[in-house]
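Engineer: Protein chains in written order, with the numbering used here: chain S, 1 to 216; chain G, 1001 to 1341.
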Amino acid sequence: MKHWIFFLVLFGNSLMAQKSFILGATLGNEPVQCGKWVVNKQNDSLQVNRCAMYLSNLQFFENGKPLTAPEKPILINFCNGAFEFKQVPQNADSVTFSVGIDSLIQTAGAMGGDLDPVNGMYWTWQSGYIHVKVEAQTSLLASELHSIVCHLGGYSAPFNTNRMKGFKLNDKMLYRLNLDQFLAAESFTTVRKIMSPSLLATKLSDAFIDSISPVR
Amino acid sequence: MRIAAGLFLLSMVMISWIGLQFDEVYSPPHFPKPAYQFEENPLTRDGIQLGRALFYDNLLSANNMVSCASCHSVYNAFAHTDHALSHGIEDRIGKRNAPALINLAWQKRFMWDGAIHHLDMQALAPISHRDEMGSSIAEVTQKLQASKVYPPLFEAAWGSPEVTGERVLKSLSQFMLTLVSAGSKYDRVKLHQAQFTEQEARGYEVFKAHCNSCHTEPLFTSNEFKNNGLPVNQALNDMGRYGITQNIDDSLCFKVPTLRNLKYTYPYMHDGRFETLSEVLRHYTRNLRNTAKQDAQLSQGFPMGGNAKVDLTAFLLTLSDSAFVFNPNLAFPREILLNNH
């Protein structure tokens, strides 16, 4: 719990001033610091070097009725800190969002801003945005470089990796991507390099969205 | 009133110079509706000129030695004839024959395996591939921003000198969309401006009987992916569209290429294994093996006598568009790039 005080100090200042939705990533139960080695509960040393994702269709509701329009895709680079969305309606009681880019945007051609391919979140060998990029090293894996390279993408059946999530809003409105939980996904025990749309990528997308939860 | 009239006249001048209606300027009357969504990237003269400069500029490669035009030469109808396989930086060789960039506005999938689903995103592949240009779109935008040439060109085309990945890709698309080839003898015949010779007319009948289902008029491609019976090249082990879809039915399926300008676009096939049209016709008339994976339309082969082959070849050569190949508006932009880097 003490680590979450640190987390709140880092990312929760604005809670006092205005209503914000905050999503941060944690490793070893602390806010992730890319490039820093962390020892987890299983005594595995982990270092996350890259952690980014597209958050799409962020939308707030009251009693099931939408209070806001779905937001455009936002590129979150957790290596730069937590994501904070400051325009949460005062009376909002729930939120939904998806991780990934929907097929309409995927097939619409070149785009700018967060969707500009210069951000390194677009595959070059085939068309499609990379929805999630997690690159990490661990002391326990027997792979050549003890590394995990996880680039999740794919927008059409049977390898659609878009995933939707919804929460009842609590007072804190603080959410976390638990990287310890995600990197412990069963799929990583056999394959450590996932860089194309595939059945494995869809399973890991399930694991990724399951790793996002409210901070209690 | 005078001000309103002046504004109207000014707007008309602006439209005539800025907005280019693809249908009016580039789309031939006997072609179908283009697939490209022009409303997302309206053509402008400045956008096309910027794209043309980018297309010919070696700056897009990691070592500033290779441009898009290195493998897609105007004199080869935007294909490449020096090598069977594409030739990249540091003399690296890829695993596929550089396809001809022709009539791209009518295509929905790009590359031999259809890996790219939008023309705007196509350039990312060669820019990034280590055996082609070996760079990245992020690196390219930084180099362009730092150059003396490009910020003014971006300002003219996009309203500000800022170089972004989106602008680079859309500008390249604008130029590539103007690579419209519809000035061959075949086209003139279709527009009642010329007539086939007797031999060409006989060849046209052979073509319609045996080739048109895949190399469909008037684009001379169905834009589908087919297994045309070629055995896999063991050195390349290229399984074609299967590599994208992971569907076993797509194994050894490659995009049906256009037959337009094949006079200029040798060698042929996805791996450039055939140097001449004779070799291509020999494959379809004699060498087809009736394998389970081969496209069903090829199951009977193409029994064809020598005269029919000659007639067919005569027809295929009517698809040559010399006006396209020697169009100065598509050639190296000396006025922009020469002595500017």
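No residue lacks a Cβ here, since even glycine has one placed at the ideal position from N, Cα and C.
A quick note: this is a predicted structure, and the numbers were derived from the prediction, not measured.
Return the CA-CA distance between E1275(G) and D1249(G), expressed in angstroms with no decimal places.
Structural biologist: Near 28 Å, if we compare the C-alpha coordinates of D1249(G) and E1275(G).
Engineer: With distance defined between alpha-carbon atoms, name the residue in F1031(G), N1327(G), F1038(G), P1099(G) nearest to S1173(G).
Structural biologist: Measuring from the Cα of S1173(G), the nearest candidate turns out to be F1038(G).
Engineer: Applying a beta-carbon distance threshold of less than 7 Å, which residues of chain S neighbour N1041(G)?
Structural biologist: Under the 7 Å cutoff, chain S gives G109.
Engineer: Reducing DSSP to helix, strand and coil, say where P1328(G) ends up.
Structural biologist: In the structure shown, P1328(G) sits in a helix (DSSP, three-state: H, G or I).
Engineer: In terms of residues, what are the limits of the alpha helix (DSSP H) holding Y155(S)?
Structural biologist: Counting along the chain, Y155(S) falls outside any alpha helix (DSSP H), and DSSP gives it neither H nor E.
Engineer: Verify whether the separation of the beta carbon atoms of T26(S) and R176(S) is less than 7 Å.
Structural biologist: Cβ atoms of T26(S) and R176(S): closer than 7 Å.
Engineer: Using a C-beta cutoff of 7 Å, does P117(S) count as contacting chain G?
Structural biologist: At least one chain G Cβ lies under 7 Å of P117(S).
Engineer: Could you tell me which uninterrupted beta strand (DSSP E) segments, each at least 3 residues in length, are contained entirely in the region 7–70 of chain S, listed from first to last along the chain?
Structural biologist: Listed in chain order, they are 21–27, 37–39, 45–62.
Engineer: With DSSP as the reference, identify every bridge partner of T138(S), one or two as the case may be.
Structural biologist: Note: T138(S) sits in a beta bridge opposite L46(S).
Engineer: Spell out the partners DSSP gives N178(S) in its beta bridges.
Structural biologist: T26(S).
Engineer: What would DSSP say about K1263(G), mapped onto helix, strand or coil?
Structural biologist: K1263(G): coil per DSSP, three-state reduction.
Engineer: So what's M164(S) in DSSP terms, helix, strand or just coil?
Structural biologist: Here M164(S) sits in strand by DSSP.
Engineer: Between A1077(G), L1054(G), Y1075(G), N1076(G), which lies nearest to V1066(G) when the distance is taken from Cα to Cα?
Structural biologist: Cα-wise, what sits closest to V1066(G) is L1054(G).
Engineer: Under 7 Å between beta-carbons, which chain S residues line up against L1124(G)? List them in chain order, please.
Structural biologist: The contacting residues are P117, Y122, T124.
Engineer: For S1181(G), which residues in chain S fall below 8 Å Cβ to Cβ?
Structural biologist: Going along chain S, no residue has its Cβ under 8 Å from S1181(G), so there is no contact; the nearest lies around 23 Å.
Engineer: Should the region 1211–1230 of chain G be called in touch with the region 1296–1310 of chain G, which here means at least 3 C-beta pairs below 8 Å?
Structural biologist: Segments in contact, yes.
Engineer: Can you list, in chain order, the residues of its chain whose CB lies under 6 Å from that of V132(S), leaving out five sequence neighbours each side?
Structural biologist: Within the same chain, V132(S) has close Cβ partners M53, L152, F208.
Engineer: Rounded C-beta distance between K203(S) and S187(S)? I'm assuming under 8 Å.
Structural biologist: The Cβ separation is near 5 Å, so the contact holds.
Engineer: Would you kindly work out how many angstroms separate the C-alpha atoms of Q1049(G) and F1175(G), rounded to a whole number?
Structural biologist: Looking at the two C-alpha atoms, the distance is approximately 7 Å.
Engineer: What's the gap between the Cα of H1072(G) and the Cα of Q126(S)?
Structural biologist: Straight-line Cα distance between these residues: approximately 20 Å.
Engineer: For the region 1024–1039 of chain G and the region 1186–1195 of chain G, state whether three or more C-beta atom pairs, one from each stretch, are separated by less than 8 Å.
Structural biologist: Touching, per the Cβ criterion.
Engineer: Do T1265(G) and A1077(G) have their C-beta atoms closer together than 7 Å?
Structural biologist: Yes, these two residues count as a Cβ contact at 7 Å.
Engineer: Would you give the residue range spanned by the alpha helix (DSSP H) that S205(S) belongs to?
Structural biologist: Looking at the DSSP string, the run of the alpha helix (DSSP H) that includes S205(S) is 199–210.
Engineer: Run down chain G in chain order and give the residues with a C-beta less than 8 Å from the C-beta of S127(S).
Structural biologist: By Cβ distance, chain G contributes A1115, I1116, H1117, H1118, M1121.
Engineer: Listing by chain order, which chain S residues have their CB less than 9 Å from the CB of Q1037(G)?
Structural biologist: Chain S residues near Q1037(G): A108, G109.
Engineer: Thinking C-beta only, is C1253(G) closer than 7 Å to F1225(G)?
Structural biologist: A contact, by the Cβ cut-off of 7 Å.
Engineer: Any idea if I1089(G) is buried or exposed, counting beta-carbon neighbours within 10 angstroms, 16 or more meaning buried?
Structural biologist: Flag for I1089(G) reads buried.
Engineer: Suppose you measure from the CA of P89(S) to the CA of E71(S); what does that come to, to the nearest Å?
Structural biologist: Cα-Cα distance, rounded: 13 Å.
Engineer: Below 8 Å on C-beta distance, what does S187(S) contact in chain G?
Structural biologist: The contacting residues do not exist; S187(S) stays about 17 Å from chain G at best.
Engineer: Answer with buried or exposed for A1105(G), where buried requires no fewer than 16 other C-beta atoms within 10 angstroms of its C-beta.
Structural biologist: Buried, because 16 or more other Cβ atoms sit within 10 Å of the Cβ of A1105(G).
Engineer: Can you confirm whether G112(S), when its beta carbon is compared against all beta carbons of chain G, has any partner nearer than 7 Å?
Structural biologist: At least one chain G Cβ lies under 7 Å of G112(S).
Engineer: Is E1139(G) close to chain S? Criterion is C-beta to C-beta, closer than 7 Å.
Structural biologist: Not one chain S Cβ lies under 7 Å of E1139(G).
Engineer: State the CB to CB distance for the pair S1135(G) and L1060(G), rounded to an integer number of angstroms; the pair is presumed to be in contact (CB under 8 Å).
Structural biologist: S1135(G) to L1060(G), Cβ: 7 Å. Contact.
Engineer: What does the Cβ neighbour count give for H1192(G), buried or exposed, with the cut at 16 atoms within 10 Å?
Structural biologist: Under this definition H1192(G) is an exposed residue.
Engineer: Between G1006(G) and T96(S), what straight-line distance do the alpha-carbon atoms span, to the nearest angstrom?
Structural biologist: Residue confidence for G1006(G) is low, a pLDDT of 44 falling below 50, so the modelled location carries little weight and cannot support an answer.
Engineer: Would you call P66(S) buried or exposed, if buried means 16 or more other Cβ atoms sit within 10 Å of its Cβ?
Structural biologist: Burial call: exposed.
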